[in-house]
Amino acid sequence: MSIVTLALAVALVAWLYSSVGHAGASGYIAVMTLAGLAPAEIKPIALFLNILVASIASVQFYRGGHFSWKLFWPFALLATPFAFIGGATQIPIDVFSKILGIVLGVSALWLFKPISEGEKIQKPSTVAAMGLGAGIGLLSGLTGTGGGIYLTPLLLWMRWATTKTASSVSAVFILLNSVAGFAGVLSNQARIPNHAYLLAVAVIVGGFFGATLGSFRLPIRAARVLLAIVMCIASIKLLTT
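Numbering (our numbering), first residue to last: 1270 to 1510.
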C-alpha cells in the first residue's frame, strides 16, 4: 500500500469515526496493519492521529451542547493516568500483536451493531465509573487507542447516556487518554516517522468533515460495515501471524 493510498484510507476512517464522536485509532491500526507497518510504529502514529481528530470532534460535539461534565469526570479521573502508564509500558511484540488483534475484533463487532437509544437514562455510580475508566484508560494506552470504542457502547448499553451525549463525552475522553498515552509512548524514546505527518493532514480533513457533517445516515452505516470488515481482516492477520 502506497503512502498516498494509506493517507486516503485513514482520512476515510477519521471521517467515519468522528461522525460519532470517536477519533479512529482502532481503524488507523487496522489499515496500518494491512499496509504492513511494524506494530512498534503503529502505536505512536495511532495515538498521534487520535489526538488531532479527537480535538476536532471534542470542539464540534461540545458546541452542539451535548457534553455532560457530571457523566464525564468519574470516567476520566483515573483513565488519564492509567493511559499514561499503558503508553509507557513496553510489552513483547508478539503479545502486543495479539492484544491489538483482540481489540480490533471487539471494535469491529461494535461497528456491526446498530446503536439505539436506551429507554431510560440512569446515572452510573461514581465508584463503578472510576473503576471502568481506569481499565479503559490502561487498555487504551497499551494498544494505542483512545478508549472511546469501549466507552461509547458501554454508556449506551447501560443506558447511562443518550447517543449524542455519549458521543460528546467519548470525544473529550478520547482526547485526554490519547494525550496521556502519547506522552507515555514518548517517555520511552519513541519517535514519529516522517510519513505520519502526511497522514496527519489526511485525518484533519476527514475528521473535520466527519465531526461537522456526520450523522447516523445510511451511507455512514454502510461504510461502518465495510470498515468493520477491514478491521476483522486485520484482526485475523494479527492473531494468526
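Just so you know, even glycine gets a beta-carbon here, dropped at the ideal spot from N, CA and C.
Could you check which residue in the options has the C-alpha nearest to that of residue i?
i, options, result
"Val-1279", "Ala-1503, Val-1474, Thr-1481, Leu-1508", "Val-1474"
"Ile-1368", "Leu-1411, Ala-1326, Val-1396, Ser-1327", "Leu-1411"
"Phe-1478", "Gly-1413, Val-1372, Trp-1284", "Trp-1284"
"Ile-1461", "Tyr-1297, Ser-1376, Ile-1502, Phe-1317", "Phe-1317"
"Ala-1331", "Ser-1439, Ile-1498, Val-1470, Val-1448", "Note that residue 1331 is Tyr in the sequence shown here, rather than Ala. Looking at the Cα atoms, Ser-1439 is the closest of the given residues."
"Phe-1351", "Ala-1276, Ala-1315, Ala-1449, Gln-1329", "Ala-1449"
"Gly-1476", "Val-1300, Phe-1353, Gln-1329, Ala-1497", "Gln-1329"
Roughly how far, in whole angstroms, is the beta-carbon of residue i from the beta-carbon of residue j, given that I think they are within contact range, below 8 Å?
i, j, result
"Phe-1442", "Leu-1420", "6 Å"
"Leu-1444", "Ser-1324", "6 Å"
"Ile-1298", "Gly-1406", "The pair is not a contact, with the Cβ atoms about 17 Å apart (cut-off 8 Å)."
"Gly-1355", "Ser-1288", "Wrong, their Cβ atoms sit about 27 Å apart, outside the cutoff."
"His-1291", "Gly-1417", "5 Å"
"Ala-1315", "Cys-1501", "Contact doesn't hold; Cβ gap of about 18 Å is too wide."
"Gly-1370", "Leu-1508", "4 Å"
"Ala-1402", "Leu-1455", "Reading the sequence as shown, one finds Gly at residue 1402 and not Ala. Not quite, the Cβ-Cβ distance comes to about 23 Å (not below 8 Å), so this is no contact."
Between which two residues does the alpha helix (DSSP H) containing residue i stretch?
i, result
"Ala-1352", "1338-1357"
"Val-1396", "1395-1412"
"Arg-1460", "Arg-1460 -> no alpha helix (DSSP H), and no H or E assigned at all."
"Lys-1312", "1308-1332"
"Ser-1295", "1294-1303"
"Ser-1287", "1272-1287"
"Trp-1426", "1417-1426"
Any chance the CB of residue i is under 6 Å from a heavy atom of the ligand SAM?
i, result
"Leu-1411", "Annotation note on the ligand SAM: not contained in the displayed structure, which lists no ligands."
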